[in-house]
Structures are given as C-alpha cells and as structure tokens.
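Trainee: Below are the structure tokens for one structure; questions will follow.
Residue numbers (my numbering): 27 to 344.
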C-alpha cells in the first residue's frame, strides 16, 4: 500500500508505512537516511549526525559495519575476543551498542582498541577514521535471509512498533522503504568505496562463510587486524562465541540487552541459519525477489550464497 506522509519535524518527516492487512510502521526520513521514529524526539538530527561524523579517532579503532540482521552482534563478540590478550574464560560477552544510538558519547570514552558497530553507510561514518586509515570490517549476508530476520526483529521490538505482515514488510523492503533504507543501495555505496581503491583498510566477509568455515574466515580477519592468536585459540573463540552459545546467554539473562519484546523477553538472536528464507517465501515472492536481485546485483562485486552447503528444500519451494 502507499505510504502516508505526516508532518515535517526537525528537517525531516515522519512516514507511515501500511500494508493491506492493516499493519503499520512509522519511520523518520532525514536527508538520505531512514531512521527510527523516536530519533527526532530525542535529538536534534543535524547535531546528532554531525557528532558521529566528527567523532575523534584513536589509533586502533575498528568499525564493524553491516546492514541490519547481518550478524553484527555475533561478530562483534568474536572480534572482542580476538582483540583481547586475556584468558578466554576471563573475557565477558558484550552487547556493543550501535554508533547511531543515544549512548554514542559514552562509546568515545572507551580505551583502545575501541570497537564500533554501525548500520550507517560509509558517507555517514566518522571522517577522521577514514583520514587515518582506520580499519573497517564489512559483514555481508544474503538478502533473502536478511529480510526474514529483519521482519522478525522489527515485529518484536516494542520501541519501534512495527505491525506489518510478512508480505507487507517484504514489499516495503523490496522498495528500500524500511529502517536504514535500501539494502541494495547500502551495498552499492560500499562497493564504490572498495572499487575506488583510495581506501584499502576494508575487509569484507560473508555471514555464510563465517557460519560454515569459521576458522578459515577468522584467519583472514586476524591477518587484516594484525592480531596473532594461535589456531588453537581461534578454535576456542569459535566454540565460545558460537551463535547458539551467545543466544543462550542472552535468552537466559546472563547477557543483558535493551532489545526486548512487549513481554520484556530478549530477542537479539533468533535462528542464525542459512536458508531460513525458504520457510517463508512463497514461490511467487521468490520469483519476484530473484528478479529484483538480477536488477540490483547485476554489476555487484558481492556474490551471495542462499542455501547451506547441504540443505533440504521445503515442499512449497519445490
């Protein structure tokens, strides 16, 4: 269904998304960004994004960047363990807040090496990080699994108030009209930076590869970061920071998070599987999405895998 524009506020405007089943999702459009509806209620957007852009650089700063639901929480815990010289049993699991959150200022005060995570495009990240050759790891996950995971996440977040149906959300996602904007525009912006070759401190890794061959991928990450953990230590990190172990720590309350549903139950981690989209897409939806992929990824340097190495295709996808 068509979007409904509401009043202008603080240089942007509220936009109400709707679907045919009566679901709604209100967002805030500001310049080239699509943000949560509460942002202009808490900040002056111009000052807020300017403060991010002007964040002071510290030697050793690392950014983990990804479109939402691509593995930021999981991967940031892996990186935190790789950066530490402590015994692995002494390292606590963390929930690294997004750079674009209300507590951004407190993130600046952390000791080096500072780890930042963000869903923002490169043009909105701190200028000095690029000028000083700060390292960036870009996580990429196939868009079919991203959209499924994103719908579940937004439907459960009591602060965002998304009641769109699966089909309604998928339609808006395909148009790029969701929180943090178009997945494909996000990819294209990073591709331009990578292909420009003026900035070489970027490593991109695939979520699917991290799941299926973690040691090989973490060895690449370790070489990029300049850390020197042994193969044994990397394997220990893989075991400790497994998706299921992190999910268990969050679900049990041992690792606290502000991401809770209406019943105050955490929902940071759901399944983390490769190919869960096959349990949600209809044949028609998959056909339409594949046509979108053909258009949007035609010239992409990023190559995605949509199924695990071994899989069973659900009957409705046969």
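Here a beta-carbon is modelled for each residue, glycine too, at the ideal position from N, C-alpha and C.
Considering residue 44, what are the terminal residues of the beta strand (DSSP E) in which it resides?
Mentor: The residue labelled residue 44 in the question sits at position 18 within the chain shown. Run containing residue 44: 38-44, per the beta strand (DSSP E) assignment.
Trainee: Assuming residue 173 and residue 141 form a contact by the criterion Cβ under 8 Å, report the distance between their Cβ atoms to the nearest whole angstrom.
Mentor: For this step, residue 173 is matched to residue 147 along the chain shown. For this step, residue 141 is matched to residue 115 along the chain shown. Incorrect: roughly 27 Å between the Cβ atoms, too far for contact.
Trainee: Between residue 215 and residue 169, is the Cβ-Cβ spacing less than 8 Å?
Mentor: Translated into the one-based positions of the chain shown, residue 215 becomes position 189. Translated into the one-based positions of the chain shown, residue 169 becomes position 143. No, these two residues do not count as a Cβ contact at 8 Å.
Trainee: I need the straight-line Cα distance from residue 88 to residue 161, nearest angstrom please.
Mentor: Taking the chain shown and counting its residues from 1, the one referred to as residue 88 is at position 62. Taking the chain shown and counting its residues from 1, the one referred to as residue 161 is at position 135. Cα to Cα, residue 88 sits roughly 5 Å from residue 161.
Trainee: With residue 144 as the anchor, note down where its beta strand (DSSP E) starts and where it stops.
Mentor: For the purposes of this step, residue 144 is taken as the residue at position 118 of the chain shown. Counted as a single uninterrupted DSSP element, the beta strand (DSSP E) harbouring residue 144 occupies residues 141-144.
Trainee: If you count every other CB in all the chains shown that lies within 10 Å of the CB of residue 273, and 16 or more means buried, which is it?
Mentor: Residue 273 sits at position 247 when you count from the first residue of the chain shown. It is buried - the Cβ of residue 273 has at least 16 other Cβ atoms within 10 Å.
Trainee: On the three-state DSSP scale, how would you describe residue 231?
Mentor: Looking up residue 231 in the chain shown gives position 205. In this structure, residue 231 counts as strand in the three-state DSSP scheme.
Trainee: If you compare alpha carbons, which of 35, 100, 65, 297 is closest to residue 264?
Mentor: By one-based count along the chain shown, residue 264 stands at place 238. Nearest of 35, 100, 65, 297 to residue 264, Cα basis: 100.
Trainee: Taking DSSP as the reference, what is the three-state secondary structure of residue 56?
Mentor: The residue labelled residue 56 in the question sits at position 30 within the chain shown. Here residue 56 sits in strand by DSSP.
Trainee: To the nearest angstrom, how far is it from the Cα of residue 334 to the Cα of residue 240?
Mentor: Residue numbering aside, residue 334 sits at position 308 when the chain shown is read from its first letter. Residue numbering aside, residue 240 sits at position 214 when the chain shown is read from its first letter. Rounded to the nearest angstrom, the two C-alpha atoms are 14 Å apart.
Trainee: Ignore the nearest five residues each way along the sequence and tell me which others in residue 177's own chain have a CB closer than 7 Å to its CB.
Mentor: The residue given as residue 177 occupies position 151 in the chain shown. Within the same chain, residue 177 has close Cβ partners 192, 195.
Trainee: Looking only at its chain, what residues have a beta carbon closer than 8 Å to the beta carbon of residue 329, apart from the 5 residues adjacent to it on each side?
Mentor: The residue you call residue 329 lines up with position 303 of the chain shown. Taking residue 329 as the centre and dropping the five residues before and after it, the same chain places no C-beta closer than 8 Å to its C-beta.
Trainee: According to DSSP, simplified to helix, strand and coil, what is residue 166?
Mentor: By 1-based counting over the chain shown, the position of residue 166 is 140. DSSP places residue 166 in strand when its eight states are reduced to three.
Trainee: Does residue 246 come out as helix, strand or coil in the three-state DSSP assignment?
Mentor: Position 220 of the chain shown holds residue 246. Residue 246 falls in the helix class under three-state DSSP.
Trainee: Which of the three DSSP states is assigned to residue 124 in this structure?
Mentor: For this step, residue 124 is matched to residue 98 along the chain shown. It is a strand residue.
Trainee: Go ahead and label residue 82 buried or exposed: buried means 16 or more other beta carbons lie within 10 angstroms of its beta carbon, across all protein chains shown.
Mentor: Along the chain shown, read from residue 1 onward, the residue named residue 82 stands at position 56. Exposed.
Trainee: Answer with buried or exposed for residue 102, where buried requires no fewer than 16 other C-beta atoms within 10 angstroms of its C-beta.
Mentor: As a working mapping, residue 102 is identified with position 76 in the chain shown. Residue 102 comes out buried.
Trainee: Tell me whether residue 137 is buried or exposed, calling it buried when 16 or more other Cβ atoms sit within 10 Å of its Cβ.
Mentor: Translated into positions along the chain shown, residue 137 becomes position 111. Looking at its Cβ environment, which holds fewer than 16 other Cβ atoms inside 10 Å, residue 137 is exposed.
Trainee: Please classify residue 89: does DSSP put it in a helix, a strand, or coil?
Mentor: To locate residue 89, count along the chain shown from 1; it is residue 63. Residue state, collapsed to three classes: strand.
Trainee: Rounded to the nearest angstrom, what separates residue 341 and residue 301 at their Cα positions?
Mentor: The residue given as residue 341 occupies position 315 in the chain shown. The residue given as residue 301 occupies position 275 in the chain shown. With a pLDDT of only 46 at residue 341, under the threshold of 50, the placement of this residue in the model should not be trusted, and no figure is reported.
Trainee: Quick one: using the 10 Å Cβ neighbour count with 16 as the cut-off for buried, is residue 38 buried or exposed?
Mentor: Position 12 of the chain shown holds residue 38. So residue 38 ends up on the buried side.
Trainee: Roughly how many angstroms separate the alpha carbons of residue 94 and residue 225, rounded to a whole number?
Mentor: On the chain shown, residue 94 is found 68 positions in, with the first residue counted as 1. On the chain shown, residue 225 is found 199 positions in, with the first residue counted as 1. For residue 94 and residue 225, the distance between alpha carbons rounds to 24 Å.
Trainee: Please report the distance separating the alpha-carbon of residue 238 from that of residue 318.
Mentor: As a position in the chain shown, residue 238 is number 212, starting the count at 1. As a position in the chain shown, residue 318 is number 292, starting the count at 1. Rounded to the nearest angstrom, the two C-alpha atoms are 27 Å apart.
Trainee: Taking 8 Å as the cut-off, decide whether the C-beta atoms of residue 53 and residue 61 are in contact.
Mentor: Counted from its first residue, the chain shown places residue 53 at position 27. Counted from its first residue, the chain shown places residue 61 at position 35. Here residue 53 is near residue 61, since their CB atoms are less than 8 Å apart.
Trainee: I'd like to confirm the pairing. Which residues does DSSP put opposite residue 34 in its beta bridges?
Mentor: For the purposes of this step, residue 34 is taken as the residue at position 8 of the chain shown. Note: residue 34 sits in a beta bridge opposite 39.
Trainee: Would you identify the three-state DSSP class for residue 266, choosing helix, strand or coil?
Mentor: As a working note, residue 266 is residue 240 in the chain shown. In this structure, residue 266 counts as helix in the three-state DSSP scheme.
Trainee: Quick check on this structure: which residue in 251, 175, 223 has the alpha carbon closest to the alpha carbon of residue 303?
Mentor: Within the chain shown, residue 303 is the residue found at index 277, counting from 1. Ranking 251, 175, 223 by Cα distance to residue 303 puts 175 first.
Trainee: Tell me, which residues are paired with residue 409 by DSSP?
Mentor: What the structure shows of the chain is the stretch from 27 to 344, and residue 409 is not part of that stretch, so it cannot be assessed.
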